[in-house]
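Enquirer:
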Amino acid sequence: MPETNKTSISNLKDNVGAEVTLQGWLYRGRKSGKVLFLVVRDGTGLCQCVVEKGAIPDEVFEELKRLGAESSLTVTGTVRVEERSVGGFELAVTGAKIVSPAIDYPITPKAHGVDFLLKHRHLHLRSQRQWCIGKIRHTVIDAIRRFFNDNGFTLTDTPILTAMVGEDKQSLFEVDYFGTPIHLTQTGQLHVEAAAMSYGKVYCFGPTFRAEKSKTRRHLTEFWMVEPEVAYIDLDGLLELAENFVSFIVAQVLEQNKSQLETLSVDIDALEKIKPPFYRLTYSEAVEILTGEKTKEFMAGELTELQSRKAEIENRISELEEQQKGQLKQWQKDKNAAELSELQNELTEVDTKIQNNPKHAELAAEFRWGKDLGGSDETIISRMHDKPIFVTHYPKETKAFYMKADRKNEKVVLNFDLLAPKGFGEIIGGSAREDDFDLLAARIEAQGLEAEDYQWYLDLRRYGSVPHGGFGLGVERTVAWITGEKHIRQCIAFPRMMDKVYI
RNA sequence: UCCCCGAUAGCUCAAUUGGUAGAGCGAGCGGCUGUUAACCGCUAGGUCGUAGGUUCGAGUCCUACUCGGGGAGCCA
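Reminder that position 415 of the first sequence reads as 1196 in my numbering, one-by-one numbering, no gaps.
Now the structure itself:
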């Protein structure tokens, strides 16, 4: 094989007309007599490579014709613009070398179930959809760091092994630490508060562990969370910080991952709306909305919409089923079958929503001030809006001990949740921290926490206490929201779920 | 922990009131010089999740268990 320019698929646009060599894997192959169409992936994208019989030695042509999916290979050829090809470029192959042939690659171009794909996660990462999500996750994480680094924040790494309970004792993973029980961190917040008193503006960013027995599309037992903490800030300041932060992340993804968003068929217009200011609601206002006419009408409207969607789906299903009975080309049958199975899935989902709608409407209507906002309540608020919504000033009793009581209304704390729009739900939780020594000491005692363990935390109020606060943003939830992925397990390379760790 | 649903070929799914286990994809062989989840022909591929029960007869009905999915609570 001639020595030519090694390049990547992402750089093909600068090599039109040149002979280059790609190093990658066979994503998919098609053959048509004396022409082979090999779609090659190299980690930077996909490229169709066209092999004409006679353009390369016959034995290489025969080898390529039989090459299994995900075989590794290098291909050399001339780059040309070709509209019909994925990515817009094509390689007219002049030479190829098989690096390592793959036989019986388990993941095929047809549909697979969730369990199967999770069991083959190490291979599934090579698929288009996963690849796109991973690229977007990378941008999200890069944007997180850049935002804080460019705005005067100092990174402080907080411990993963800790004796502190930040949120809730029930949800801790216990580890044996030289004979003493200790647990995996569920938040870096308490430690990062100490750092904020040194640097002013800080953030920690790392894995977080929660042993919550939650089997839902919004939960992982190990996830990544970034937690900024700022000295001399009030609740309004925090909201402003959070909306600028989230808007920056979305803007970065829009700038750097357009093609991935398109591949994932994300609603890009909706993302372009994500700019400050976000909506602001107090908890009490949220309660009013939930128990009021507006929600009643909204839920009724949703139900009508769901029912007409259901009718639509059912019509289409019977239409397709009728077609399937007739004489059709195999490819048409395949296509119909695929559409049918998608419709069946959607139908099940719509049915569940129809069933849940009255229950959720009832829960919302019966909501009483003082309870924590339930998942369905958050979803309703979130579905009513097209931009993220802050919900602030929750009842003190439902919230963590360190949240600052509102001096104007001692029943509530100066906290906030940020709900992503269109039904996605919570991606940020944060608060101003109690900075009064006596009030904080009383809260620690009231919650039955070991006072001794929290002496250092109280020291932060003994020596130069200032108003301060921060929040935590869940990386996987943010990625899921931006990519439109239903389940956050798709948004981390190797998800850890309750009772289930595949590899 | 509670509620709902599911388990049939490597994968995704069919199998009528209980009556001879099927299709597509994938794999193998052959055909086709512009395919896009290509197409056409042929071939191989099964302990119907496990254990019991009902029945002349069970993939189908009953019971228990195992595994999985979705939802609730809780949360990022």
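Glycine included, C-beta positions come from ideal geometry on N, C-alpha and C.
Going by other Cβ atoms of all chains shown within 10 Å of its Cβ, with 16 needed for buried, is Lys-916 buried or exposed?
Expert: By the 10 Å Cβ count, Lys-916 comes out buried.
Enquirer: Taking 7 angstroms as the threshold (C-beta atoms), are His-1249 and Ala-1067 in contact?
Expert: Not in contact: Ala-1067 and His-1249 (Cβ atoms no closer than 7 angstroms).
Enquirer: Going by DSSP in three states, Asn-1190 sits in which element: helix, strand or coil?
Expert: Of the three classes helix, strand and coil, the one that applies to Asn-1190 here is strand, per DSSP.
Enquirer: Starting from the N-terminal side, write out each stretch of the beta strand (DSSP E) that is 3 residues or longer and does not extend beyond the stretch 1211-1267.
Expert: Taking only runs of at least 3 residues, the beta strand (DSSP E) segments lying wholly in the stretch 1211-1267 are 1249-1255.
Enquirer: Give the secondary structure of Ala-992 by DSSP, where H, G and I count as helix, E and B as strand, and everything else as coil.
Expert: Ala-992 falls in the coil class under three-state DSSP.
Enquirer: Which of the three DSSP states is assigned to Phe-1026 in this structure?
Expert: If DSSP states are grouped into helix, strand and coil, Phe-1026 belongs with the helices.
Enquirer: When the Cα atoms are used, what is the spatial distance from Asp-885 to Cys-828?
Expert: For Asp-885 and Cys-828, the distance between alpha carbons rounds to 22 angstroms.
Enquirer: Measure the C-alpha to C-alpha separation of Ile-1273 and Phe-1029 and round it to an integer number of angstroms.
Expert: Computed Cα separation, rounded: 21 angstroms.
Enquirer: Is the separation between the beta-carbon of Pro-1057 and that of Glu-1024 shorter than 7 angstroms?
Expert: Yes; because the gap between Cβ atoms is below 7 angstroms, this pair is in contact.
Enquirer: Is Ile-837 helix, strand or coil when you go by DSSP?
Expert: If DSSP states are grouped into helix, strand and coil, Ile-837 belongs with the strands.
Enquirer: Quick one: using the 10 Å Cβ neighbour count with 16 as the cut-off for buried, is Lys-1185 buried or exposed?
Expert: Lys-1185 should be labelled buried.
Enquirer: Classify Met-782 as buried or exposed, calling it buried when 16 or more other Cβ atoms lie within 10 Å of its own Cβ.
Expert: With a pLDDT of 49 at Met-782, under the threshold of 50, the modelled position of that residue is not reliable, and no figure is offered here.
Enquirer: Excluding the 5 residues flanking Leu-1239 on each side, which residues of the same chain have their C-beta closer than 8 angstroms to its C-beta?
Expert: For Leu-1239, where only same-chain residues beyond five positions count, the Cβ hits under 8 angstroms are Phe-1218, Leu-1221, Ala-1222, Ile-1225.
Enquirer: Could you pull the start and end residues of the beta strand (DSSP E) that Ser-1273 belongs to?
Expert: Before going further, note that residue 1273 is Ile rather than Ser in the sequence given. Per DSSP, Ile-1273 belongs to no beta strand (DSSP E) and is neither H nor E.
Enquirer: For the beta strand (DSSP E) holding Asp-957, just list the boundary residues, first then last.
Expert: Unbroken beta strand (DSSP E) run through Asp-957: 955-958.
Enquirer: Note down the Cα distance separating Leu-1045 from Val-1131, rounded to an integer number of angstroms.
Expert: C-alpha separation (whole angstroms): 22 angstroms.
Enquirer: Hey, is the stretch 968-985 in contact with the stretch 1004-1020, meaning 3+ C-beta pairs nearer than 8 angstroms?
Expert: The answer is yes - the stretch 1004-1020 touches the stretch 968-985, with three or more Cβ pairs under 8 angstroms.
Enquirer: Name the DSSP bridge partner or partners of Ser-881?
Expert: DSSP output for Ser-881 lists Ser-853 as bridge partner(s).
Enquirer: Which residues mark the beginning and the end of the alpha helix (DSSP H) in which His-972 is found?
Expert: Unbroken alpha helix (DSSP H) run through His-972: 970-980.
Enquirer: How many Å lie between Val-797 and Glu-843 at the Cα?
Expert: Near 28 angstroms, if we compare the C-alpha coordinates of Glu-843 and Val-797.
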